[in-house]
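Student: Numbering (this note's numbering), first residue to last: 2 to 568.
Below: one structure in structure tokens.
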């Protein structure tokens, strides 16, 4: 006798089973971080990857008729891997203030576990590990059951047409929505696919033989001897200033150039009065309006970082940099980063003798907005801690990334005559602070604030070079990128100015003919992308060869009078 065929499920029963299984899996792929801490919070949004997986599962069931227990287990294991990726993706920005980085976070995971083991009693560590293991196994079992239930639901042919149409509609809406509003997210959660692809590319570049060299291209020849920086007083200090948002628009736009003409003239006069000289050029930055770290790496390593993935790959390599080059020739290397507010394990790539962040530079004055440390105060602390001359100290190579000209360009700190006061708790008087905070702020019309922040930058640079800076000194001032488009207007180039100030005119002569011209106004044509500037500077830092032609009048450097830093 033939067995009776199983009755098809009711539409309501099918819908409830499907919704429960789909909703459970969707919840595990769309949770957000419960800040502050490591917890998670439910977020009622759709997982793009799960929508695609339902379409793929439908195709599998149509082809094979069912999902085998082995396939369901494999699917559950893969699903739990995505859950872990999701947890890392939402937890890392909340806890560390940056996206997850498999390479760097993986290198430090064992250290974190060792610290945790030393902080907890053994029995607590065992309990935590068992809880994590049991919880993971339970979630995997639940996910396996939900996947199997989805497969059984999809074995019923009646809902397939409209369900497939729904998956297609979600896919199309996601494709149309993502390019325009990645951060708004609408009813979709942030997808995991870009994170997986990016981390996969990063690890492939690290592990595959020759991949990093092929992707990044060759490094400059860091084989010079820096003999061009040595004079009678000794080796010159080298101060590399990444001037935040200092773009070529300040020269190319007639109105901005006119508004900044007076403070630029003051800076030029200060350079002349201090017995120094200046040449200028322009280069094309690898970024626009933000992501300053791409420009920092491009110049320090001499490698094209216009693709952020290449930047991440660079920081996993052992490439030489200006930092390692100067260190090899007896310089103490200092990274002065007042805008760095979060852990930066990638910074070990550069190998600074000292890497000082927001908390590490010793600022004790009042906060000025989010970028709380004014540039003049940061420079005063760098001078006091690293650049004040002592008879027996080694020369310095210092990299200073400014912040006061960073959007929203408010509040702008007042200029302070007494540089020593800037290293003290009373760096700014209450009335000065109140006046700075009372200045109007416009998010949609930021040009006036941008120009005011640049006037402040030129003012403290001029006073520093005139009265405080050590001698001999080579100061390289380069814009990290153009300001945001709200300042630039449409169609602006990616060019940024470069100024090199030095006591030694012979060093600056070696820059002429490489895209540099005398004075503070750069030529209209860029010498090339920013990473090419590294090679130009390396050649200038070496002594000229026999018979080299110099293109600027050689003028003896006078012993200009200089007042004390605290005056």
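Every residue gets a Cβ at the ideal spot worked out from N, C-alpha and C, and that includes glycine.
Should residue 430 go down as buried or exposed, given a rule of 16 or more other Cβ atoms within 10 Å for buried?
Tutor: exposed
Student: Residue ranges of each alpha helix (DSSP H) run of no fewer than 4 residues wholly in the region 225 to 311, ordered along the chain?
Tutor: 250 to 253, 255 to 260, 262 to 274, 293 to 302
Student: Let's test the definition: count the other Cβ atoms within 10 Å of the Cβ of residue 20 and tell me whether it reaches 16, buried, or not, exposed.
Tutor: exposed
Student: Grouping DSSP H, G and I as helix and E and B as strand, with all else coil, what is residue 503?
Tutor: strand
Student: Given a cut-off of 8 Å on the beta-carbon distance, is the pair residue 471 and residue 388 in contact?
Tutor: yes
Student: Whole-angstrom Cβ separation of residue 457 and residue 484, contact assumed at under 8 Å?
Tutor: Actually they do not touch by this definition, with Cβ atoms about 15 Å apart.
Student: Is it right to say residue 391 is buried, meaning 16 or more other beta carbons lie within 10 angstroms of its own, or is it exposed?
Tutor: exposed
Student: Residue 387 lies in the beta strand (DSSP E); which residues open and close that run?
Tutor: First-last for residue 387: undefined, no H or E at that position.
Student: I need the DSSP call for residue 423, collapsed to helix, strand or coil.
Tutor: Helix.
Student: For residue 244 and residue 405, I'd like the C-alpha separation in whole angstroms.
Tutor: 9 Å
Student: Leaving out the 5 sequence neighbours to the left and right, which residues in its chain are closer than 8 Å to residue 297 when beta-carbon positions are compared?
Tutor: 243, 400, 402, 481
Student: Considering only the beta carbon of each residue, do residue 535 and residue 219 sit closer than 8 Å?
Tutor: no
Student: Keeping to the same chain, check which residues put their C-beta closer than 6 Å to that of residue 271; ignore five residues upstream and five downstream.
Tutor: When the five nearest sequence neighbours on each side are left out, the beta carbons in the same chain lying within less than 6 Å of the beta carbon of residue 271 are those of 463, 466, 467, in order along the chain.
Student: Three-state secondary structure (DSSP) at residue 402?
Tutor: strand
Student: For the region 286 to 305 against the region 364 to 377, do three or more pairs of beta-carbon atoms, one drawn from each stretch, fall closer than 8 Å, so that the two count as touching?
Tutor: no
Student: Any contact of the region 258 to 277 with the region 288 to 296, i.e. 3+ C-beta pairs under 8 Å?
Tutor: For the pair of segments examined, the region 258 to 277 was found not to touch the region 288 to 296: the number of CB pairs separated by less than 8 Å stays below three.
Student: Identify every run of the alpha helix (DSSP H) within the region 431 to 517, keeping only runs that are complete inside it and at least 4 residues long; order them along the chain.
Tutor: 431 to 439, 448 to 464, 486 to 489, 506 to 510
Student: Once the 5 residues before and after residue 424 are set aside, which same chain residues still bring their CB inside 6 Å of it?
Tutor: Excluding sequence positions up to five before and after residue 424, its CB lies within less than 6 Å of the CB of 381, 382, 385, all in the same chain and listed in chain order.
Student: In the structure shown, what three-state DSSP assignment does residue 191 receive?
Tutor: coil
Student: Answer yes or no: do residue 346 and residue 408 have a C-beta to C-beta separation smaller than 8 Å?
Tutor: no
Student: I want to know whether the region 253 to 262 touches the region 335 to 355 - three or more CB-CB distances under 8 Å.
Tutor: Look at the beta carbons and you see the region 253 to 262 not touching the region 335 to 355: under three pairs across the two are nearer than 8 Å.
Student: What does a CB cutoff of less than 7 Å around residue 433 pick up in its chain, not counting 5 residues either side in sequence?
Tutor: 415
Student: According to DSSP, is residue 356 part of a helix, a strand, or is it coil?
Tutor: strand
Student: Looking only at C-alpha atoms, which of 509, 501, 198, 337 sits nearest to residue 357?
Tutor: 337
Student: According to DSSP, is residue 47 helix, strand or coil?
Tutor: strand
Student: Is the beta carbon of residue 316 sitting closer than 8 Å to the one on residue 217?
Tutor: no
Student: Alpha carbon to alpha carbon, how far is residue 76 from residue 486?
Tutor: If I take the Cα positions, the gap works out to 46 Å.
Student: Can you tell me whether residue 43 is buried or exposed, with buried defined as 16 or more other CB within 10 angstroms of its CB?
Tutor: By the neighbour-count criterion, in which 16 or more other beta carbons inside 10 Å mark a residue as buried, residue 43 falls on the exposed side.
Student: Between the C-alpha atoms of residue 265 and residue 521, what's the straight-line distance to the nearest angstrom?
Tutor: 8 Å
Student: If you count every other CB in all the chains shown that lies within 10 Å of the CB of residue 92, and 16 or more means buried, which is it?
Tutor: buried
Student: Tell whether a beta-carbon distance below 8 Å holds between residue 396 and residue 236.
Tutor: yes
Student: Measuring CA to CA, which of 529, 249, 311, 73 is closest to residue 215?
Tutor: Comparing Cα positions, the closest option is 311.
Student: Going by beta carbon distance, what residues of the same chain come within less than 6 Å of residue 240, once the five residues before and after it are set aside?
Tutor: 399, 476
Student: According to DSSP, simplified to helix, strand and coil, what is residue 334?
Tutor: Strand.
Student: With distances taken Cα to Cα, identify the nearest neighbour of residue 143 among 27, 479, 517, 352.
Tutor: 27
Student: Please report how far the alpha carbon of residue 52 lies from the alpha carbon of residue 309, in whole angstroms.
Tutor: 29 Å
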